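Numbering (UniProt numbering), first residue to last: 23 to 348. Ideal Cβ placement from N, Cα and C applies to all residues, glycine included. What you are looking at is a predicted structure, and each value in this text was computed from that prediction instead of being measured. These notes concern the structure reproduced below.
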Ligand code: SF4
Ligand code: MG
């Protein structure tokens, strides 16, 4: 994903340029085959918008998405139909994403049938998928969504996402609505399915412990930008961005080495319609100085793919506390 951008028009601005909310503003990252990329950040930071842009549920204003070596959406590249076969999404609300008037079997068979699979074969696929997510096909095929628990419905949603044999599954707060014990079961199911089916995940969550458990790498977003990205051990063990440190200071870790000393975050993120100049975190950052208002930090690689966008880590930035990492 390179320089992905989406600005939503907002009301107001009778004179002058039309105001926009900079929901996703030049976001770049990659996901390797077979890995789980966790995505964290406060609500409104652009996590879900990024996911919807990847799926092309909404059109980006700019930037590139390359999937399996093919550029998405260009004439010679990957068609949206093919993209949505290879890339699937599971949402938080297990009830809203299932048609209440369709049986579980019909919900699961629907996508394969749209893609030309016969009803008979699609029903067989549905039975197989239910078995994979730990629901007995004989019991569940004929049931309706309201007859299932939240955990069972989310298993059906996961099964449905897998019906077209995708390569990449985007999970947007997919376990957030579940009770803790059910959440653990569904997480373990996701890990097992990933192994069995050779999947790649983008796992979006506000729950830092869950992201720590499931992710290989972690992307931290703030106000439409990437603050920091890197291997899970680096992000949790040596968070380098003041935002990540503040975000994590509220997290209870069992590992004393992972406890960070930063002060917790105060207040809400600024309005994405009028984001701060320079570094977007500067209005809440204890290290903010003149250069932070003047210049947007350039992402720096601290080594091992641990990348942070903060003037503290750029010895050429002119920030008085800048360490010499280069
Ligand atoms: Fe804080 Fe400046 Fe770093 Fe932004 S660039 S996080 S304001 S020190
Ligand atoms: Mg969201």
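Where does residue 81 fall in DSSP's three states?
coil
Please say whether residue 51 and residue 23 have beta carbons closer to each other than 7 Å?
yes
Given 8 Å, three or more beta-carbon pairs between the stretch 99-112 and the stretch 183-196:
yes
Can you give me the C-alpha to C-alpha distance between residue 337 and residue 255, rounded to a whole angstrom?
24 Å
8 Å Cβ shell around residue 305 - same chain, five flanking residues per side excluded
292 and 298
At a cut-off of 6 Å, is residue 317 close to ligand 1 when judged by its beta-carbon and the heavy atoms of the ligand?
no
What are the boundary residues of the beta strand (DSSP E) that includes residue 226?
222-226
Proximity test, residue 310 beta-carbon vs ligand 1 heavy atom, cut-off 6 Å
yes
In chain order, which continuous runs of the alpha helix (DSSP H) of length 4 or greater are located wholly inside the stretch 241-269?
254-259
By the DSSP assignment, the alpha helix (DSSP H) with residue 141 in it spans what residues?
141-154
Go through the stretch 85-123 residue by residue and report every complete run of the alpha helix (DSSP H) that reaches 4 residues or more, in order.
102-108
Residues in the same chain with beta-carbon distance under 8 Å from residue 80, minus the five sequence neighbours each way, listed in chain order, please.
28, 71 and 74
Do residue 286 and ligand 1 come close, with the Cβ less than 6 Å from some heavy atom?
no
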